[in-house]
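Right, one structure below, let's go through it.
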């Protein structure tokens, strides 16, 4: 190992230690100052990731990727990691050094995908013969014509009078007033500060929209917090009136609702281009996620904390969820019985991660399409299912190479189009 590699590893270990202490609130003043100095040199997206990350392995993954280590050693680490598994495995697809960035991350994510698949042998069947397709026969340099950078904080805020504010180009500070409510922007968050004692009775509806390749955070006038995923929208009043707090969602959002027993919080979600499915989630104060994208088979509500009621507008059915449970609204507007799920997978997007468990390539690529704003086309069928965790801050080529390391799938990048093949 070179001295430069040793220095990088020491830096990674030091920062990892500080971040871990931060999650446990064990930093002294000197350590806090050192961490603040390091964070001040990072982009906003990185700062938010490290502010919420609590898993040491995930922290080290991102730090390894950011700093980079020799690629040949990283590949050897992959092979060493998966060596105990009693099957032949395909190593990470080699690429020219420096062409698509560092690849240290792959030793973690690729190993997680491959060894995770071994554990669930009832689901996965290993076929390590090289696929006989035209795409798989091409070297990676001929398939990856370009790269696509990850999404970031991008959104447009539409005010009640129809004015649109492009948030990613707006300065921090006050950006608008809506009746008795001041609207401020602060580092990727829109904050609504309402004068609850105002005599205003008219409701000023605002809408926050994120494009493909965008995300944004919102603090509602009651103090509730919302994380809006890519290709989503939230319609909400600038100040909550009456006896309930009502918002309307398309796409996906994670909510941390401020408790107010006198005013239930209700989310109406719909699928305007997906068969007219509509439903509602009603809560008092809780943490939950709603995935209501048009292109998903079902609209899913997942509860992390508290209690929620899911109901359908087209049928009389409803479901009461407990923490750790998920219920779905089908294409026929039927509500499923709540089932236990891994909530870390559901809200991984909020924490800057792709996380999948027994996931089809189609479900993974729908997430990729929304986050990287790319078109996905298929050239053949991939029947395998995948397990893995990948940071969302990496270029799309890194995500694809990790998936390719299984030997089950291959990709072509051509502009903003990605072709998926066996």
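In full-length UniProt numbering, the protein residues as written are 1 to 422. For every residue, glycine included, the Cβ atom is placed at its ideal position computed from N, Cα and C. Just so it is clear, the structure is predicted and the values come from calculations on it, not from any experiment.
Residues bridged to residue 427 [DSSP beta-bridge criterion]: It is not possible to answer for residue 427, since the shown part of the chain is limited to 1 through 422.
Taking the C-alpha atoms as reference points, what is the distance between residue 266 and residue 377? Cα to Cα, residue 266 sits roughly 37 Å from residue 377.
Start and end residues, alpha helix (DSSP H) containing residue 369: Where residue 369 is concerned, the enclosing alpha helix (DSSP H) stretches over 361 to 372.
Beta-carbon proximity of residue 335 to residue 312, cut-off 7 Å: Yes, the pair counts as a contact, with Cβ atoms nearer than the cut-off.
Could you give the distance in angstroms between the alpha-carbon of residue 367 and the alpha-carbon of residue 20? Here the alpha carbon of residue 367 sits roughly 29 Å from the alpha carbon of residue 20.
Measuring CB atoms only, is the stretch 208 to 224 touching the stretch 148 to 161, in the sense that at least three cross pairs come out at less than 8 Å? The stretch 208 to 224 is in contact with the stretch 148 to 161.
Quick check on residue 188 - is its C-beta less than 7 Å from some C-beta in chain B? The chain labelled as chain B is not found in the depicted structure, where only one protein chain is given.
Could you give the distance in angstroms between the alpha-carbon of residue 372 and the alpha-carbon of residue 412? As the crow flies, the alpha-carbon of residue 372 is around 15 Å from that of residue 412.
Could you check what DSSP says for residue 186 in three-state terms: helix, strand or coil? Assigned with DSSP and collapsed to three states, residue 186 falls in coil, not helix or strand.
With a 10 Å radius around its C-beta and 16 neighbouring C-beta atoms as the bar for buried, classify residue 123 as buried or exposed. Caution applies to residue 123, whose pLDDT of 24 falls short of 50 and renders its modelled position unreliable; the model cannot decide the point.
Ranges of the beta strand (DSSP E) found wholly within the UniProt domain "FecR protein" (207 to 309), counting only runs of at least 3: 214 to 219, 225 to 228, 232 to 237, 245 to 256, 265 to 271, 277 to 283, 287 to 292, 299 to 305, all fully within the UniProt domain "FecR protein" (207 to 309).
Helix, strand or coil: which one does DSSP assign to residue 170? Of the three classes helix, strand and coil, the one that applies to residue 170 here is coil, per DSSP.
Alpha-carbon spacing of residue 247 relative to residue 234, whole angstroms: Each residue's Cα considered, the two are about 7 Å apart.
Residue from 319, 286, 16 with nearest C-alpha to residue 225: It is 286.
Do residue 382 and residue 402 count as a contact pair if the criterion is CB distance below 7 Å? Contact flag unset, no.
Option in 28, 23, 17, 152 with minimal Cα separation from residue 370: Restricting attention to 28, 23, 17, 152, the CA atom closest to the CA of residue 370 is found in 152.
What do you get for residue 326, buried or exposed, if any count of 16 or more other CB atoms within 10 angstroms of its CB means buried? Buried.
Residue closest to residue 424, alpha-carbon to alpha-carbon, out of 169, 322, 183, 328: Residue 424 is absent from the structure shown; the chain starts at 1 and stops at 422.
Check for me: the alpha helix (DSSP H) holding residue 396 runs from which residue to which? Taken as a continuous stretch (DSSP letters only), the alpha helix (DSSP H) holding residue 396 covers 396 to 404.
Decide if residue 149 is buried, meaning its Cβ has at least 16 other Cβ atoms within 10 Å, or exposed. Burial state of residue 149 is exposed, judged by a 10 Å Cβ sphere holding fewer than 16 other Cβ atoms.
Rounded to a whole number of angstroms, what is the C-alpha to C-alpha distance between residue 145 and residue 13? Using only the alpha carbons, I get a separation of about 35 Å.
Cα separation between residue 251 and residue 194? Rounded to the nearest angstrom, the two C-alpha atoms are 26 Å apart.
How about residue 384 and residue 254: do their beta carbons lie closer than 7 Å? No, they are not a contact pair.
In angstroms with no decimal places, state the Cα-to-Cα distance between residue 417 and residue 396. C-alpha separation (whole angstroms): 11 Å.
Same chain, Cβ closer than 6 Å to residue 143, neighbours up to 5 away in sequence not counted: 412, listed in sequence order.
Would you kindly work out how many angstroms separate the C-alpha atoms of residue 237 and residue 324, rounded to a whole number? Roughly 30 Å separates the two Cα atoms.
C-beta contact flag for residue 284 and residue 256 at 7 Å: Contact annotation: residue 284 and residue 256 have beta-carbon atoms that are not nearer than 7 Å.
Thinking residue 188 and residue 239 are a contact (beta carbons under 8 Å), I'd like their distance in whole angstroms, please. Wrong, their Cβ atoms sit about 23 Å apart, outside the cutoff.
Hey, residue 356 and residue 392: beta-carbon distance below 7 Å or not? For residue 356 and residue 392, no; Cβs fall outside 7 Å.
Residue closest to residue 389, alpha-carbon to alpha-carbon, out of 18, 352, 280, 212: The shortest C-alpha separation from residue 389 is found at 352.
Tell me which same chain residues have a C-beta within less than 6 Å of the C-beta of residue 301, skipping the five on either side of it? Here the set comprises 281, 290, 310, 327.
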